[in-house]
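Number of protein chains: 4
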Amino acid sequence: MKKISVSIIGASGYAGGELLRILLNHPNVEIAQATSRKFAKFPVTVAHPNLRGLTNLKFSKVEDLKKCDILFIGLPNGVSQKNMDGYMKIAPKIIDLGADFRLNNLENYENWYGKHEMPELLQKFIYGIAELHREKIRNTNYVACAGCEATCSILTLYPLFKNNLIYPQNVFIDAKLGSSAAGGKPSLSTHHPERSGVVRSYMPTMHRHTAEIEQELKTFSDTNIQVNVSATAIEMVRGILVTCQTFLKEDLSELDIWQIYRRTYENEPFIRLINDKVGVYRFPEPKLLSGTNFCDIGLQKDKRSNRLVVVGAIDNLVKGTAGQAVQAMNLMFGFDEELGLGFPGLHPI
Amino acid sequence: MKKISVSIIGASGYAGGELLRILLNHPNVEIAQATSRKFAKFPVTVAHPNLRGLTNLKFSKVEDLKKCDILFIGLPNGVSQKNMDGYMKIAPKIIDLGADFRLNNLENYENWYGKHEMPELLQKFIYGIAELHREKIRNTNYVACAGCEATCSILTLYPLFKNNLIYPQNVFIDAKLGSSAAGGKPSLSTHHPERSGVVRSYMPTMHRHTAEIEQELKTFSDTNIQVNVSATAIEMVRGILVTCQTFLKEDLSELDIWQIYRRTYENEPFIRLINDKVGVYRFPEPKLLSGTNFCDIGLQKDKRSNRLVVVGAIDNLVKGTAGQAVQAMNLMFGFDEELGLGFPGLHPI
Amino acid sequence: MKKISVSIIGASGYAGGELLRILLNHPNVEIAQATSRKFAKFPVTVAHPNLRGLTNLKFSKVEDLKKCDILFIGLPNGVSQKNMDGYMKIAPKIIDLGADFRLNNLENYENWYGKHEMPELLQKFIYGIAELHREKIRNTNYVACAGCEATCSILTLYPLFKNNLIYPQNVFIDAKLGSSAAGGKPSLSTHHPERSGVVRSYMPTMHRHTAEIEQELKTFSDTNIQVNVSATAIEMVRGILVTCQTFLKEDLSELDIWQIYRRTYENEPFIRLINDKVGVYRFPEPKLLSGTNFCDIGLQKDKRSNRLVVVGAIDNLVKGTAGQAVQAMNLMFGFDEELGLGFPGLHPI
Amino acid sequence: MKKISVSIIGASGYAGGELLRILLNHPNVEIAQATSRKFAKFPVTVAHPNLRGLTNLKFSKVEDLKKCDILFIGLPNGVSQKNMDGYMKIAPKIIDLGADFRLNNLENYENWYGKHEMPELLQKFIYGIAELHREKIRNTNYVACAGCEATCSILTLYPLFKNNLIYPQNVFIDAKLGSSAAGGKPSLSTHHPERSGVVRSYMPTMHRHTAEIEQELKTFSDTNIQVNVSATAIEMVRGILVTCQTFLKEDLSELDIWQIYRRTYENEPFIRLINDKVGVYRFPEPKLLSGTNFCDIGLQKDKRSNRLVVVGAIDNLVKGTAGQAVQAMNLMFGFDEELGLGFPGLHPI
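Going line by line, the protein sequences match chains E, P, W and Z. Just so you know, my numbering puts 192 at position 192 of the first sequence, and the rest follows in order with no gaps. Just so you know, my numbering puts 212 at position 212 of the second sequence, and the rest follows in order with no gaps. Just so you know, my numbering puts 233 at position 233 of the third sequence, and the rest follows in order with no gaps. Just so you know, my numbering puts 241 at position 241 of the fourth sequence, and the rest follows in order with no gaps.
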């Protein structure tokens, strides 16, 4: 079989590095070009030292991009929307890893991010979570990957909303995030002596991923929906854990809820339901997911009330970004959905 | 002035070590004895290597305790209640650091902890948070120090309850805890390769400190109160951060709420309200509190709704245990409340 | 092609878990049995939660082992030597991951480890480092994998000894190790509050791996050899870095030495020579090697003298144990040496 | 007693923050001014959040400095030498925390640091380690504090050189350092995802502190001295551990060496000799020293040879910088040498 040719714009960032790592081992893919303004002409291993010995690829300038079968775009918020029409001439299929095309409603976008430069394209992109939009992703040329925190929250809460089990205005998400979520650019807040060991309430309210979470989950709700997100940066490089507290409408048992989760996700290759009664890892644990495309989900019902706590974990750079993107690419080209995404994770780590 | 003589039961644990550290530098105190079954006759520095060169004290057996002015007790849950009548003969004043005498209602105790062996003493102990019970502590001989997570949650939420600002059944506490909260005894779950880097949902519901939090805060509420606690162990040795989400009854501004917090805590030496608009540490940060008796509190109101997020941080072994105990001792003996508790914390750390 | 059947004794430990992870993805291998006394009849995922969803294998008792093509043994020091004759009846090929058969000289063994119960077998086992003993490993049925610290030190120093470049009694190894090197059994010294953040000089002298290092390197030396090892446990779960200081006999330039290293290792698939002049990772970095079978080596010559510092890094559980074992297995069965060992490592991590 | 007035130049850095923390609690000191170009007119708590609630001091511009009794200078290498004559007009006594006046030989300085702008002052400054130069410090007006790594290495090795026990050209120092040693300025190499968990060989040779170490120790040696330093950055914010390997000239027992160390340091308030046979912390451990002015020293003799391994630990920001400076100040003013430096450190941490 002829391999598809893939190029990556903004390949020197953390998401770009993960794309390279995954795609270099993808049997159906040939990496054509990887762009970086800063590192043009340097080997990709300058930015991604883990790829030493595995590739001789060098970074290109974005101006030198040639036509390819699919283009991945990993640029800061607000940048890809300025050039998307140009990118569309380079490749018939595009997967954008940034926030520019995740929201399909212009007003909503502008409330959270400000002015959009290509609003007419907002409707063209399919939101990249395969577990919610598999068929649409198979049939589109344009995918906007979900934000990492949104991916984790949506997958964790989806069965509750889909099955109308909770009050849609009373969901409390406490998100714990690692330092790689803030990207590869140094600043005082990421300086090691300042960032090490923190429990930093960097976004008690107004986390922008709220917009995506509400967009995706409100389709299952008659009434308004309000998702209350609080985000805390903790000592961790990779990984997200969301702890979601909510109230059940009806008095379901923990077993009932597990059955609904199992039914909802029964054929999903990358969702694992964690329901161990013994052992150290009885709930989802982000460190076990480093490098994997899994989203692990666990839950516990409060014995004193109808409160339900659901917990979800992902690797923000894989299921939350690059792995999600490759999963979408596999669907768009009719490949086995799991191709290139088989790494099981490490323990201990 | 003659120094008071102090003895510590269970002095080889982490709380005992902190008591020793603080009391060795307390100008009005002479440490008489420190007991440890395991380390009897060994220098206290075997268990507490930070005290090397500062003291020649050796651990005693509990059977060899002599009369003293005040007795601190740091024993596992369920142990101090078995011997409390004996301890009361050793010293006229007692501060218990464990959970046995925190709840003043027997039924409540037994719901959370099981049978109590000296229920008649439950009413004798004053709950040790000076910010709520200063006068009672001044006038009692018996103090039960609060649990570390409860201390942090109560101090963070107290102004909201006292001033009747929130719906008392809709409070969501997400508590992040360090490994020292689990005590000094090794287990598989605290084995470094298993504990390092975790975001472990060890108590999504049913955290026992819920009972204390509700006991203390319900006195300010007409209706029932339900505090929803979820506890997560993170990569950290010392420290607690609680992220509390709740809804305001009325449409107060963030400034209004700050004024209420300031008024409530205006003369408190160990409460700091963190309201920085710039800098890396705009919210309470546990790592800055290591070794200190401060409780730092910050907050943010959601611009989209009446949701309020209040964040509190302490050192679990100081304000959450040993420092709280010394603060209570200072009150019980009429000393300056801050004596021995002046360490400001380190930065960077 | 028919897959070979593999069984693992002592499969619940960290080395066993890594073997399972690697072998589950090895195309030529079928895992027959994995034994654990403690977890017999439980799924292997109880001990190795990263394998959830990837296998239904359950732990067996060692007594129930059936014949297989090759047996991996991961037992505490001193245990495999007691039963090796029995194991040899189960499988025609054996790879022992412990220390029992690494030293081929009985007196040497007894100096470092005490009495040996099957000294007659010491000569039968080939030391498992393929880079030194590839042909012997291809032609043997019995391999004793090297100790993790020894693997890293030997590979780092081998070109210097092989080419007679240094004074063989003046080599100083400072080894930095992660917590997984101490195994999966909890103790006070591995209790998270005690182990976290340490720089613990746990073996300033008398590290047992010294015996292996000297055994392997002395074959290249006319005179006596003395390797001076000091081992420090640092904040890390996986990984070893050895910093080796030594003096060159002749005034070679850094470039000369690089050429010798390149020549020595030119066809080695798992040795990477790190010689970057720019970037953050100019020297070998263990964290980049987590999960990989690479040994990365770098060096710097002192401008003031003929001192040479050579630095080597591995993942102690992969190249230092389970990966080395699979590499040896590949050689023993005539497979592609790299099979199953392709994971490139993660960045950032 | 009238307090002395102290000002600090470059007070927004990590060393400046530690000086403020220590001096705010020093009974004989009044902090007059603390300068920072970047933060002028802002409260010092903007840079040093641990001081919240303890001081209302604001940063000044260096141009606005008034006369004071002593001036501490914490500036990047090369800066203080440009303005030292001006500083000398502001205060009769000066303690410089940087590298500009540590070396008293111009040629030596220029070999390691390049051109010096006030070479005539090099001889005026006394090197700030009280354990070596107590009397000179008492009688000088100008002190240059030692580099942090040099402080730790010199104190660890001093008894060996002073008593002529080792071969002075065969000393190997492996220094492990935390991230705060690199200062408060962000860069890619200190960006948390890149710095977290590293074992980074950032200076295998040519560490500049070598010059200081050799200057101080060569006074005890007839022959040339060569100290071989290799420096590795590890996962730690504060702290240094040096592992020093060397050979004894004569066959002394471990006990003999301990007696020499004890005799050398018998009256030193800030040197602790760590010689525990039991417990987890049998050797010096930097994390136990956070915030303290101690230098802890331990040792072990190789049973196989005359190799000696000596291990030393300090907090780089206290004994390695600000604490050392305050200790010198105490001597210069005739105060109790330990004043303000009593913090014992924390455990667990």
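Note that CB positions come from ideal geometry on N, CA and C, so glycine has one too. The structure displayed is predicted, hence computed values, not measured ones.
Cβ distance (whole Å) where residue i is taken to contact residue j below 8 Å
| i | j | result |
| --- | --- | --- |
| residue 137/W | residue 331/W | 5 Å |
| residue 46/E | residue 279/W | 5 Å |
| residue 199/Z | residue 286/W | 5 Å |
| residue 165/Z | residue 248/Z | 6 Å |
| residue 84/P | residue 303/E | Incorrect: roughly 30 Å between the Cβ atoms, too far for contact. |
| residue 161/W | residue 220/W | 4 Å |
| residue 149/W | residue 177/W | 7 Å |
| residue 240/W | residue 290/W | So it is not a contact: roughly 12 Å between Cβ atoms. |
| residue 299/E | residue 271/E | That pair is no contact at about 13 Å. |
| residue 34/Z | residue 70/Z | The Cβ separation is near 13 Å, so there is no contact. |
| residue 90/E | residue 143/E | At roughly 16 Å, the Cβ-Cβ gap does not stay under 8 Å, so residue 90/E and residue 143/E are not in contact. |
Closer than 8 Å at the beta carbon, the chain W residues around residue i
| i | result |
| --- | --- |
| residue 197/Z | 235, 236, 287, 349 |
Rounded separation between residue i and residue j - CA only
| i | j | result |
| --- | --- | --- |
| residue 387/E | residue 146/E | Within the shown structure, residues of chain E are numbered from 1 to 349, placing residue 387/E beyond reach of any answer. |
| residue 378/W | residue 121/E | Since the first residue of chain W shown is 1 and the last is 349, residue 378/W is not available in this structure. |
| residue 192/P | residue 193/E | 22 Å |
| residue 297/P | residue 297/Z | 40 Å |
| residue 201/E | residue 337/W | 49 Å |
| residue 11/P | residue 20/P | 8 Å |
| residue 80/Z | residue 54/P | 38 Å |
| residue 75/E | residue 141/E | 19 Å |
| residue 106/Z | residue 78/Z | 14 Å |
| residue 225/Z | residue 52/Z | 47 Å |
| residue 175/W | residue 210/W | 11 Å |
| residue 292/W | residue 151/W | 14 Å |
| residue 6/W | residue 92/W | 11 Å |
| residue 251/P | residue 305/P | 9 Å |
| residue 37/P | residue 339/P | 30 Å |
Partners in chain Z for residue i, counting only beta-carbon separations shorter than 8 Å
| i | result |
| --- | --- |
| residue 57/P | Within chain Z, no residue comes near residue 57/P; the closest Cβ sits about 13 Å away, beyond 8 Å. |
Partners in chain W for residue i, counting only beta-carbon separations shorter than 7 Å
| i | result |
| --- | --- |
| residue 291/Z | The premise fails here: residue 291/Z is roughly 14 Å from chain W at the closest Cβ pair, so nothing lies under 7 Å. |
Contact set between residue i and chain P, taken where Cβ atoms lie within less than 7 Å
| i | result |
| --- | --- |
| residue 343/Z | 343 |
| residue 311/E | 201, 204 |
Proximal chain E residues relative to residue i, where beta-carbon distance stays under 8 Å
| i | result |
| --- | --- |
| residue 186/Z | 186, 187, 188, 190, 191 |
For residue i, the residue or residues it bridges with in DSSP
| i | result |
| --- | --- |
| residue 134/Z | Per DSSP, none; premise fails for residue 134/Z. |
| residue 68/E | Residue 68/E is not bridged to any residue. |
| residue 296/P | 272/P, 313/P |
| residue 30/P | 5/P |
Partners in chain E for residue i, counting only beta-carbon separations shorter than 7 Å
| i | result |
| --- | --- |
| residue 180/Z | 193 |
Listed by chain order, chain P residues near residue i by CB distance under 8 Å
| i | result |
| --- | --- |
| residue 278/Z | 46 |
| residue 176/E | 176, 199, 232, 234 |
Environment of residue i [buried if 16+ CB atoms lie within 10 Å]
| i | result |
| --- | --- |
| residue 235/Z | buried |
| residue 327/W | buried |
| residue 18/P | buried |
| residue 212/E | buried |
| residue 246/P | buried |
| residue 186/W | buried |
| residue 324/E | buried |
Partner residues on chain Z for residue i, Cβ-Cβ distance less than 9 Å
| i | result |
| --- | --- |
| residue 298/W | 201, 204 |
Proximal chain Z residues relative to residue i, where beta-carbon distance stays under 7 Å
| i | result |
| --- | --- |
| residue 272/W | What residue 272/W touches in chain Z: nothing, since even the nearest Cβ is about 15 Å away. |
Per-residue contacts from residue i into chain C (C-beta, under 7 Å)
| i | result |
| --- | --- |
| residue 307/W | Among the chains of the structure shown, chain C does not appear; the protein chains present are E, P, W and Z. |
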